[in-house]
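Sequence positions in the sequence shown follow UniProt numbering and run 1 to 176.
Even glycine gets a Cβ: it sits at the ideal position worked out from N, Cα and C.
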Amino acid sequence: MDECGVNTVPKKIPKVVSMKGKKLVGKIVSAERGQTITLVCAMSVTGNFIPPAFIFARKRMQGYLLNNAPHGSIGMVSDSGFINSELFIDYLYHFKDNVQPTNDNHILFILYNHSSHISLAAINFCRDNNIHVLTLTPHSSHKMQPLDRGFFSPLKVKFAYECDKWLSHHLGRVIG
1 MDECGVNTVP
11 KKIPKVVSMK
21 GKKLVGKIVS
31 AERGQTITLV
41 CAMSVTGNFI
51 PPAFIFARKR
61 MQGYLLNNAP
71 HGSIGMVSDS
81 GFINSELFID
91 YLYHFKDNVQ
101 PTNDNHILFI
111 LYNHSSHISL
121 AAINFCRDNN
131 IHVLTLTPHS
141 SHKMQPLDRG
151 FFSPLKVKFA
161 YECDKWLSHH
171 LGRVIG
């Protein structure tokens with residue numbers, strides 16, 4: 001399991017190709033700042049994913065925020081838009097419902113060592129539901145988490161590409 005913040009308006013401006021000697025080369029970018037949405041994903045060693053969780057920086061969850069999200073996705077809210085101990089427990093319920101651990105089929109749950117992941121309530125939940133937790137050393141998860149390298153990085157590149165394409169076809173409109 002890993003999380004990633006995705007800004008609704010990518011900050012990285014794609015490269016622009018133009019004719020040699022051209023003095024003014026422009027690129028359309030969104031004028032808005034955007035918001036960061038935390039995406040929480042988990043996958044198995046066989047490459048199967050459970051539906052993601054989206055954490056929005058809001059007071060109340062609105063159903064429309066999950067329009068066109070993958071089937072089974074869940075939405076959660078926090079003041080900051082980041083995961084906390086309470087939301088992690090909610091995510092554990094979502095995780096358990098999707099992987100269905102049993103007394104004969106225990107689950108190894110690998111995640112980075114963040115304070116929101118190691119609350120007493122989370123540890124007890126995992127113990128009671130046949131989920132064995134392995135936490136990664138701080139500041140090493142970017143090297144050891146396959147989701148960082150194989151999923152989140154390509155996702156951000158593709159998302160930025162799609163935003164750029166959308167902006168070029170919808171002049172004067174904002175993404176959010």
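In the DSSP assignment, Phe88 falls within the alpha helix (DSSP H) that extends over 85-99. With distances taken between CA atoms, Leu134 lies nearest to His117 out of Asp148, His117, Ala121. Taking the CA atoms as reference points, Asn48 sits about 24 Å from Asp128.
Annotation for Val9: no beta strand (DSSP E) segment contains it, and DSSP assigns it neither H nor E. Three or more pairs of CB atoms, one per stretch, sit closer than 8 Å, so the region 74-81 contacts the region 38-57.
Asn113 and Cys163 have their C-alpha atoms some 33 Å from each other. Counting along the chain, the unbroken beta strand (DSSP E) around Ser78 starts and ends at 74-78. Residue state for Ala42 is assigned as coil, using DSSP reduced to three classes. Closest in alpha carbon position to Asp90, among Thr137, Ala160, Cys126, is Cys126. Excluding its 5 nearest sequence neighbours in each direction, Phe88 has C-beta neighbours in its own chain below 8 Å: Ser116, His117, Ser119, Ala122, listed in chain order. In the DSSP assignment, Phe159 falls within the unbroken alpha helix (DSSP H) covering 153-169.
Taking a 10 Å sphere around the C-beta of His106, we find fewer than 16 other C-beta atoms and assign the residue as exposed.
Ile110 sits in a strand when the DSSP states are folded into three classes. A distance of 8 Å or more separates the beta carbons of Asn124 and Thr102.
Ser80 and Asn7 have their C-alpha atoms roughly 13 Å apart.
In the structure shown, Gly63 adopts helical secondary structure according to DSSP, grouped into three states. Taking a contact as a CB-CB distance under 8 Å, the pair Val40 and Glu3 counts as one, their CB atoms being some 5 Å apart.
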